[in-house]
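Protein chains in written order, with this note's numbering: chain D, 4 to 157; chain W, 10 to 670. The next block holds one structure in the form of structure tokens; read it before the comments.
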Amino acid sequence: MTRKQKRLTLIFSALGLLGAAVGIVLFALRDNVVFFYGPTEMTEKQVGPGQRLRIGGLVKPGTLVHLEGKRITFSVTDGRNEVPVSYTGLLPDLFKEGQGVVAEGALDKAHVFRADSVLAKHDERYMPREVADALKKQGVWQEEGGKAGSGANK
Amino acid sequence: MIDEVGHYALVLALALAVMQMILPFWGARARDARLMALARPAALAQFAFVALSYAALTYAHVVSDFSLANVVENSHSTKPLIYKISGVWGNHEGSMMLWALILTLSGAAMAAFSRAIPPRLLADALSVQGCLGVAFLLFILLTSNPFARLSPAPMEGNDLNPILQDPGLAIHPPLLYLGYVGFSIVFSLAAGALIGGRIDAAFARFIRPWTLAAWCFLTLGIAMGSYWAYYTLGWGGFWFWDPVENASLLPWLSGTALLHCAAVMEKRDALKIWTIFLAILTFSLSLLGTFLVRSGVLTSVHSFASDPQRGLFILGILVLFIGGSLFLFMLRAPTLSQGGLFAPISREGALVVNNLLLTASCAAVFVGTLYPLALEAWNGDKISVGAPFFNLTFGPLFAPLALLMPIGQNLAWKRGDLLAALQRLWFAAACGLAAMLAFYAAQGAPVTAYVGAGVAIYLIVGAFVEIFNRIFPAGLRASKNVASRASGLPLSAWGTAIAHAGLGVTLLGLAASGWGAEKIVSMKTGEAYDVGPYQLSVVAMTAAPGPNYREAIAHMSVSRNGAVVAMIEPSKRFFTTRRMGVSQAGIVTLNFGQIYVSIAEQNDNGAVDARLYWKPLVSLIWLGALAMAFGGGLSLADRRLRVGVARRAARISGASAPAAG
């Protein structure tokens with residue numbers, strides 16, 4: 004092979020591989036991205052059953068029900084709208100009524116959100132950012148951040 | 010008093026950093042040897058002052074000096090000593106202090122151990138390192154001062170986030186930072202070389218030891234972080250494709266590419282531009298990781314507090330260094346001469362493919378990590394890109410690496426013989442196939458599990474084929490001089506083999522997760538529950554007080570075929586100061602697999618809800634990473650890579666004309 008041929012082989016194999024990588028990434032981005040909605044956005048966008056989503060908001064006080072066989076139901080609210088959620092499994096340590104929560108899953112035919120994973124806050128001071136934004140959008144955000152937390156501890 | 014000393018030392022370190030940034034650079038332009046020589050003592054003194062400042066902060070944490078806001082917010086007088094010391098970096102200000110400490114340590118290490126590096130290159134590189142020091146020390150002093158006072162001082166602190174009160178905190182951040190920030194040395198050398206405009210094969214010799222060392226620490230840091238998340242989060246997962254994890258994987262991928270590419274540059278004087286680019290890219294990705302984690306763009310257990318001012322400042326640092334270095338690269342790259350030629354089928358060719366695949370998978374992870382942020386900034390849509398995306402993109406790009414790795418090792422430099430390399434690998438391939446069939450017979454589906462396990466075995470065996478052929482050049486029967494040949498092999502050959510086999514070991518652990526078992530049950534005392542081949546039963550529930558928490562422990566027995574093989578004690582801790590519960594998973598390792606139990610609150614009827622997992626061979630995931638780092642360390646101990654060698658080699662090759670202009 005001449006010097007030029009060698010270089011061309013190198014360049015074309017590199018371009019081919021890059022093209023393949025770009026193709027895979029674009030393909031994966033089309034089908035494997037999950038949108039995040041608050042309860043109000045969910046009603047506005049009229050999400051159909053079966054589409055995978057993440058929803059976030061506050062666990063509405065008084066709606067948490069433990070059914071038999073680790074099944075639980077609760078409602079996620081942003082103060083304006085709410086979505087009923089059902090979940091089977093153990094809840095995270097910081098899951099509480101009135102606290103922020105993020106759930107991933109899909110709506111079923113009865114418009115109940117079937118969550119396959121439920122995430123809560125990492126510690127009592129922080130709210131998942133998506134939840135805070137969703138609440139701010141609805142104007143029901145209350146500053147419950149660091150100061151309130153540390154004040155209560157003294 | 011000690012706090013003021015610490016604060017003052019930090020300011021002095023900044024002044025030294027400014028000096029280190031300007032004077033040697035000026036000296037290199039004015040060809041003033043005295044000014045250039047200033048870089049070394051400046052780097053050492055800068056490290057000494059940051060270390061002093063860091064020690065003062067640690068002292069304040071240890072003696073619970075609640076006049077410091079940082080101590081009040083993150084410590085408590087009853088906190089165990091280990092968390093008082095490691096809790097220093099368990100918060101934003103302290104973790105930036107650790108960053109600065111390691112950054113100046115890197116500068117000092119470069120100054121102390123780089124007598125082989127030509128004085129002008131060293132002066133320019135240390136000047137760039139000083140520039141990094143200025144940026145980060147300014148960031149600490151202006152936006153995240155750990156020595157801020159609180160008046161009046163409260164009697165008690167708020168305690169550290171309970172999730173962080175774990176031995177992992179003492180190990181994971183320092184290792185990760187040594188990796189992340191260790192790449193700053195390579196970055197500075199690359200930028201220095203671009204400023205000077207002289208880049209030859211000796212440059213690869215200067216950066217290889219530092220690259221290798223940083224890579225080993227990064228490997229260990231990522232593995233440790235993954236194991237910490239695994240045992241602490243209670244989900245039994247070890248990698249979540251969380252943006253924060255990806256932020257550490259990105260520099261690892263490009264650092265791995267750099268490691269291999271620098272070998273080509275050192276041996277064959279080829280791929281120079283690419284090596285320089287990777288050196289810049291790797292540290293840029295480290296900076297990007299810092300930005301993502303520290304700016305509050307992402308919310309996670311790592312982002313301690315978000316403050317837009319800090320985010321903007323780090324973004325400024327990011328733009329300055331990445332933009333500046335890429336601009337310099339753009340100016341200089343065309344002037345670099347092309348080095349040694351090689352045929353597409355050769356060791357170099359294989360390493361080029363390695364680099365392409367590694368950077369492509371790095372790019373895929375990069376897109377998946379940043380696309381949600383970009384989209385939100387663009388139109389406000391919030392999306393999450395999770396495991397399915399990464400499995401679909403990272404998997405196919407990384408898998409060919411596993412297949413090609415042993416082949417590349419068996420190709421000769423310059424011009425290789427593919428057929429001969431494949432012939433040499435027949436035994437490894439046969440082992441892989443046999444293992445695949447054996448795993449299928451023993452464990453069955455899913456496909457990814459037994460195919461993955463077969464590939465892993467091929468990889469482990471294939472990693473040692475090259476060494477085998479060098480020890481037994483004429484086959485097993487002619488086994489004369491075997492011992493002397495084995496001991497005569499360079500340590501770096503063993504290091505390569507062990508590190509590559511380590512990847513195979515990790516892959517085996519990953520593949521085996523397909524055979525795991527998982528269930529959620531409400532466990533009543535005395536009843537047995539099956540998980541995988543084992544039975545678990547609760548023997549007793551007890552309560553115990555800890556230093557700053559209360560703990561409810563479930564004592565469980567693990568038995569197989571009626572015989573008790575282990576005891577396991579998952580618990581639930583309640584931290585009183587932060588009024589927060591944390592589950593402590595119970596884990597027992599059996600034949601490299603693990604039984605993993607995490608419990609929830611006890612129900613009213615006395616039963617306890619628990620997640621039970623059987624994870625076969627799971628410990629191999631982290632043992633493989635240990636092997637990779639060990640292999641890297643072994644290569645680092647090779648005498649060819651020692652610091653002095655570059656000087657001798659440079660002296661010898663100095664007679665021949667320098668390759669780059």
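From the three backbone atoms N, C-alpha and C, an ideal C-beta is built for every residue, glycine too. Quick caveat, the model's predicted, so the values are computed rather than measured.
Query raised in the report: Using Cβ-Cβ distances below 9 Å, what residues of the region 568-594 of chain W are close to chain D?
Result: 581, 586, 587, 588, 589, 590, 591 and 592
Query raised in the report: Nearest CA to the CA of residue 594/W: which residue from 601/W, 583/W, 577/W and 588/W?
Result: 577/W
Requested in this report: Identify, in the order they occur along the chain, each residue of the same chain with its Cβ nearer than 6 Å to the Cβ of residue 23/W, setting aside the five sequence neighbours on each side.
Outcome: 146
Query - Continuous alpha helix (DSSP H) assignments of at least 4 residues falling wholly in the region 410-489 of chain W - result: 427-433, 435-452, 456-472 and 474-480
Query raised in the report: Tell me the DSSP bridge mates of residue 7/W?
Result: In this structure chain W extends from 10 to 670, so residue 7/W is not present and cannot be described.
Requested in this report: Pull up the distance between the alpha-carbon of residue 12/W and that of residue 48/W, whole angstroms please.
Outcome: 28 Å
Requested in this report: Quick one: residues in its chain with C-beta nearer than 6 Å to the C-beta of residue 98/W, no 5 flanking neighbours on either side, listed in chain order?
Outcome: 104, 107 and 182
**Report entry** Neighbour-count burial assignment, residue 381/W, 16 or more Cβ in a 10 Å radius
**Finding:** buried
Query - Buried versus exposed call for residue 461/W [16 or more other C-beta atoms within 10 Å across all chains shown] - result: buried
Requested in this report: Taking all protein chains shown into account, decide if residue 96/W is buried (16 or more other Cβ within 10 angstroms of its Cβ) or exposed.
Outcome: buried
Query raised in the report: Is residue 133/W helix, strand or coil by DSSP?
Result: helix
Query raised in the report: In this structure, does DSSP put residue 187/W in helix, strand or coil?
Result: helix
Query raised in the report: Between which two residues does the alpha helix (DSSP H) containing residue 526/W stretch?
Result: No alpha helix (DSSP H) holds residue 526/W; the beta strand (DSSP E) holding it covers 526-532.
**Report entry** beta strand (DSSP E) segments (min. 3 residues) lying fully within the region 243-279 of chain W
**Finding:** none
Query raised in the report: Can you list, in chain order, the residues of the region 385-403 of chain W whose Cβ is nearer than 7 Å to any Cβ on chain D?
Result: 390, 391, 392, 393, 394, 395, 397, 398, 401 and 402
Query raised in the report: When burial is assigned at 16 or more other CB atoms within 10 Å of the CB, is residue 5/W buried or exposed?
Result: No statement about residue 5/W is possible, as the shown extent of chain W runs from 10 to 670 and does not include it.
Query - Against chain C: residues of the region 14-37 of chain D by CB proximity under 7 Å - result: In the structure shown, chain C cannot be found, because the protein chains are D and W.
Requested in this report: Give a yes or no on whether the C-beta atoms belonging to residue 109/W and residue 330/W are separated by under 9 Å.
Outcome: no
Report task. Per DSSP, which residues does residue 28/D bridge with? Please list them. Result -> Paired residues: none, contrary to the question.
Query raised in the report: Roughly how many whole angstroms lie between the Cα atoms of residue 83/D and residue 66/D?
Result: 15 Å
Query raised in the report: What are the start and end residues of the beta strand (DSSP E) that includes residue 353/W?
Result: No beta strand (DSSP E) contains residue 353/W, which DSSP labels as neither H nor E.
Requested in this report: Note down, in chain order, all residues in the region 72-102 of chain D with a beta-carbon under 9 Å from any beta-carbon belonging to chain W.
Outcome: 72, 73, 91, 92, 93, 94, 95, 96 and 97
**Report entry** Beta-carbon gap between residue 62/W and residue 15/W smaller than 9 Å
**Finding:** yes
Requested in this report: Please confirm whether residue 424/W and residue 351/W have their CB atoms less than 9 Å apart.
Outcome: yes
Query - Helix, strand or coil at residue 552/W according to DSSP, with G and I counted as helix - result: strand
Report task. Tell me, please, whether the CB atom of residue 74/W is closer than 9 Å to any CB atom in chain D? Result -> no
Query raised in the report: Are there 16 or more other CB atoms within 10 angstroms of the CB of residue 368/W, so buried, or fewer, so exposed?
Result: buried
Query raised in the report: Of all the options 139/W, 88/W, 102/W and 130/W, which has the alpha carbon lying nearest to the alpha carbon of residue 113/W?
Result: 139/W
Query raised in the report: Whose C-alpha, out of 289/W, 572/W and 455/W, is nearest the C-alpha of residue 335/W?
Result: 289/W
Query raised in the report: Leaving out five residues before and five after residue 280/W in sequence, what residues of the same chain have Cβ atoms less than 6 Å from its Cβ?
Result: 270, 273 and 274
Query raised in the report: In the region 313-399 of chain W, which residue ranges form an unbroken alpha helix (DSSP H) of at least 4 residues, counting only runs that do not cross its ends?
Result: 317-327, 333-341 and 356-388
Query raised in the report: What is the residue span of the beta strand (DSSP E) that residue 572/W lies within?
Result: 572-577
Report task. Would you list the one or two residues that DSSP bridges to residue 87/D? Result -> 78/D
Report task. Kindly give me the distance between the Cβ atoms of residue 592/W and residue 243/W, rounded to whole angstroms, as I take these residues to be in contact under 8 Å. Result -> 5 Å
Query raised in the report: So residue 565/W is in the beta strand (DSSP E); what residue range does that whole segment cover?
Result: 558-569
Query raised in the report: Short check: CB of residue 345/W to CB of residue 208/W, under 9 Å?
Result: yes
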